[in-house]
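The opening position of the sequence shown corresponds to residue 1 in full-length UniProt numbering, with each subsequent residue numbered one higher.
Heads up, the beta-carbon is just placed ideally off N, CA and C, and yes, glycines get one too.
Keep in mind that this is a model prediction, so the values were computed, not measured.
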Amino acid sequence: MGEQTGPGKRRLGVMGGTFDPIHHGHLVAASEVASQFHLDEVVFVPTGQPWQKSHRAVSAAEDRYLMTVIATASNPQFSVSRIDIDRGGPTYTTDTLRDLRRLNENADLFFITGADALAQILTWRDTDELFSLAHFIGVTRPGHILANPGLPEDRVSFVEVPALAISSSDCRARVAQGDPVWYLVPDGVVRYIDKRKLYRHDG
Ligand code: ATP
Ligand code: MG
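Written as structure tokens, this is what we have:
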């Protein structure tokens, strides 16, 4: 679990994502890692305008933020941070982790990432700095192979989480087609999508 894990330090999980919308796959992954790694808290960090998704229109940051708040509000271990949204511009995970470090000086950071995102990590910027800022936890995700794509062994762990074949893309497509997303996303998020008429014309 990382040599830097000091005694008495808070253990802070970081779940980054577009959360367009947040779904039960995200929530189960965060909950399972929190349990297995004895985390004190998991902070969900919705991205600013995501640079790797610029090919499609991403919902307004405030909508993604509010859905994330609605989905996590009942769990005392979960919180939501606006740092990436308020920074403006595209989100780079190094900035996220650097800012969280500064705001939580007495914490060890554990960055939670699905198998698909982990596979892309070496395409991110400043990878050397990334691994000095947090321990990385790759979680299983149906349809993706969880493997170390060449990251420093001592900075990455792997966790098997209950398999939920849910993606935000699929949720958006379902709403666009008039199919239900009940039980794929929390009830309050279903209601919010409906209230704000999200995803109606966008797969
Ligand atoms: P999209 O389809 O728009 O890419 P997504 O479902 O992949 O959405 P993201 O916001 O891109 O959701 O993902 C945030 C993080 O959660 C990523 O690290 C991703 O790998 C992880 N994740 C998303 N869905 C699951 C799932 N069903 N099981 C495990 N991890 C997941
Ligand atoms: Mg994704």
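A Cβ-Cβ contact shorter than 8 Å links L133 with L97. One Cα belongs to S31, the other to I145, and the distance between them is close to 21 Å. If you look at S31, you'll find it in the alpha helix (DSSP H) that goes H24 to Q36.
Runs of the beta strand (DSSP E) spanning 3 or more residues and lying entirely within the segment 77-132 occur at 78-80 and 107-114, in chain order. Pairing E153 with Q177, the inter-Cα distance amounts to about 43 Å. Taking a C-beta distance under 8 Å as the contact criterion, Q77 and A29 do not qualify as a contact pair.
The alpha-carbon of R56 is positioned some 35 Å away from that of F37. Inclusion of D116 in the 7 Å shell around ligand 2 follows from its C-beta lying nearer than that to a non-hydrogen atom of the ligand.
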